[in-house]
Amino acid sequence: MRRSKSGAISVAIAALGIGLPAFAVADDLPPLMDHDSPVLCARDKEGQLWRIQCNPATKICLYAANNELDESGNRVKSLERARECAMDMAVDREKLEAAGFKMVSGRPDVPFGWTRDERGRVFQVNFDLKRRMYFGAAYTPKKILENPLESSRTSIDFGLLIFHLKSDGETPTVHRFRFVEGQVHLEPFSAELVIAHYDVSRRFLDPLLRITTFVGQPQRHDLKLNLGLWTEAGGLEIHRTSAGYSQLWKHATAQVTLDLWQSPILDSFIRLRTGIGLEGQRDEVNGYRSGLTASSALEMDFVLDPNGFHNFRLELAHEVPRYFVPVNSTSNYSQRLRAKVQYEAIVLAINDQPLTLKLAAGGEKRDDIPGVPHQWAFVMDAGLRFSLWAPPRPRS
9 MRRSKSGAIS
19 VAIAALGIGL
29 PAFAVADDLP
39 PLMDHDSPVL
49 CARDKEGQLW
59 RIQCNPATKI
69 CLYAANNELD
79 ESGNRVKSLE
89 RARECAMDMA
99 VDREKLEAAG
109 FKMVSGRPDV
119 PFGWTRDERG
129 RVFQVNFDLK
139 RRMYFGAAYT
149 PKKILENPLE
159 SSRTSIDFGL
169 LIFHLKSDGE
179 TPTVHRFRFV
189 EGQVHLEPFS
199 AELVIAHYDV
209 SRRFLDPLLR
219 ITTFVGQPQR
229 HDLKLNLGLW
239 TEAGGLEIHR
249 TSAGYSQLWK
259 HATAQVTLDL
269 WQSPILDSFI
279 RLRTGIGLEG
289 QRDEVNGYRS
299 GLTASSALEM
309 DFVLDPNGFH
319 NFRLELAHEV
329 PRYFVPVNST
339 SNYSQRLRAK
349 VQYEAIVLAI
359 NDQPLTLKLA
369 AGGEKRDDIP
379 GVPHQWAFVM
389 DAGLRFSLWA
399 PPRPRS
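Quick note on numbering: our numbering labels position 341 of the sequence shown as 349, and the sequence is numbered without any gaps.
What follows is the structure in structure tokens.
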């Protein structure tokens, strides 16, 4: 006769040599053992191995099977992502209870960013979307003010590798890397790609200026100048218009950044950036022309919750290319204005790889592409992204 889950566990607990009490399955999950505290292991009279963790401060000892359980409570496989426990055959329940300890059923320990269910199965609950590889698909209607019925197209986006490195110390620093990231709109066709991106944010602990006010109680106010660097190389844009195809190569761009606000672990920020880049453009009207582009932007990038489930980005950018050869023999200058806002949220995970919902909107106005009206065009995105890697976020 097949035993129920609670019955199997009760029998095993009753047979445990150290005398652990049986427990009933409750709706609430048992407490989780602390991964950073010592864990002991002891065998019962049937030879089954149990994990035990006692907290002298709370006078509570948690115990859990050293295996994953099936639906009936039978041990089926070894625990995943559990530390090796130290064998201790001297665990004595009577001595522990005499010392004021209470035995409570729990769940085995697990590393930061992971958890276990009541059967000991492990799964990830904390994700760093700033360290991942991803591929996504979305419905992307484009609205031009003079033609609001033009709205049918889909898109895909991708990022081959995204990661960041943080170093602490006297000047906490975050280095951010992005490789082969882009987006392709299928109908009408357009594509954007950046081969390599690198930027760095710093938090200078020594202020640039120290201002002391003497109105009321004297107070000190520090003015810090958190400067950084923003670079991109190998940028490409392809657009198909009524005047044919246009290709824009952004060979290299370098900008200075000023962080107006930073989160404590530097994963969120508000910053200004400005700089210059070298680009070349070819279309079927003007041929090939190259130039230097002055650009500036306001960026906001927020991780909205401790587990990394909700992410928000905003970018307002202005670019002014100055071509070495006048466009249409009239001007050396063009202008590009761009605004983007994006919200991304994790909805589920497959084999601990997150699937996210992406909602985005953007607007663009430019006069450098023949066949594109010099007016605002707006784009909306609604789609899904599947990410690989995405380890837990750093502990704050």
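All residues carry an ideal CB built from backbone N, CA and C; glycine is no exception. Since the model is a prediction, treat every value here as computed from it, not as a measurement.
With 16 or more other Cβ atoms from the protein chains shown falling within 10 Å of its own Cβ, Y71 counts as buried. Going by C-alpha positions, R211 is about 17 Å away from E307. Counting only residues of its own chain and dropping the five nearest sequence neighbours on each side, P119 has a CB closer than 8 Å to the CB of H43, R89, P400. The beta carbon of W238 lies closer than 6 Å to those of D207, Q263, T265, R281 in the same chain, with the five residues before and after it left out. Linking G144 to L392 through their CA atoms gives a straight-line distance of about 5 Å. Here M141 really is in contact with W397; their C-beta atoms are around 6 Å apart, less than 8 Å. In this structure, L40 sits near R115, with a CB-CB distance shorter than 9 Å.
Taking a cut-off of 8 Å on C-beta distances, the stretch 96-112 does not touch the stretch 337-348, as fewer than three cross pairs fall below it. For E126, the secondary structure class from DSSP, reduced to helix, strand or coil, is coil. Judged by DSSP in its simplified three-state form, E287 adopts strand. Cβ atoms of Y296 and F320 stay farther apart than 8 Å, at about 39 Å. Here P334 has N340 as same chain residues with Cβ atoms under 8 Å from its own Cβ, once five neighbours each way along the sequence are excluded. About 14 Å separates the beta carbon of F187 from that of L173, a gap too long to meet the 8 Å contact definition. Just so you know, the alpha carbons of K53 and D78 end up roughly 21 Å apart. For L312, there is no enclosing alpha helix (DSSP H), as DSSP marks it with neither H nor E. For E240, the uninterrupted beta strand (DSSP E) segment begins and ends at 235-249. Counting the other Cβ atoms within 10 Å of the Cβ of S163 gives 16 or more, which makes it buried.
Counting only residues of its own chain and dropping the five nearest sequence neighbours on each side, P362 has a CB closer than 7 Å to the CB of F135, I354, S395, A398.
Under the three-state reduction of DSSP, L137 is assigned to coil, being neither helix nor strand. For the pair A368 and T148, the Cα-to-Cα distance works out to about 9 Å. For the stretch 31-111, the full-length alpha helix (DSSP H) segments reaching 4 residues or more read 101-106 along the chain.
Here the stretch 213-221 makes no contact with the stretch 255-262; the two share fewer than three CB pairs at distances below 8 Å. By the CB criterion at 9 Å, S254 and D309 fall outside the cutoff. Cβ contact annotation for E245 (same chain, cutoff 6 Å, sequence separation greater than five): E200, L256, in chain order. Taking a C-beta distance under 9 Å as the contact criterion, D125 and L48 do not qualify as a contact pair.
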